[in-house]
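The numbering used here applies: residue 91 is where the sequence shown begins, and numbers increase by one. In this text, a Cβ means the ideal position worked out from N, Cα and C, and glycines have one as well.
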Amino acid sequence: MHFLKLQIQYGGDVNELILSTNSSDPTVQELQQHIEKQLNIPTEVQRIMFKGQNLHEKPEGKLRRYGITNASLIRVVGRKQPIRR
């Protein structure tokens with residue numbers, strides 16, 4: 091199992107996210123799934139940006155290809171899903 095610790099900037103908050111994966115080279119789609127699970131932002135409304143690159147446009151892209159490493163700060167824009175009770 092591989093782990094990648096990232097900082098996710100969403101609104102005015104910075105959240106720590108640990109991306110655990112079986113792949114040594116995780117994809118944007120794996121990141122999107124973790125963001126949806128931890129921050130409650132549906133994948134289809136996520137806009138993920140890193141150093142001027144729009145990661146959400148290529149979910150099959152490898153994070154390493156975009157220069158994302160441990161402790162990278164990634165910006166996410168999207169509307170949270172309402173919490174259902």
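> Can you tell which of ILE98, ASP103, GLN128, MET91 has the C-alpha that lies nearest to the C-alpha of ASN112?
Replying inline: MET91
>> Output needed for THR117: all residues of its chain with C-beta closer than 8 Å, excluding positions within five of it in sequence on either side, in chain order.
In response: PRO149, GLU150, GLY151, LYS152, LEU153
> Are the Cβ atoms of VAL167 and ARG137 separated by less than 7 Å?
Replying inline: yes
> Helix, strand or coil: which one does DSSP assign to THR159?
Replying inline: coil
>> Taking only three categories from DSSP, how would you classify ARG165?
In response: strand
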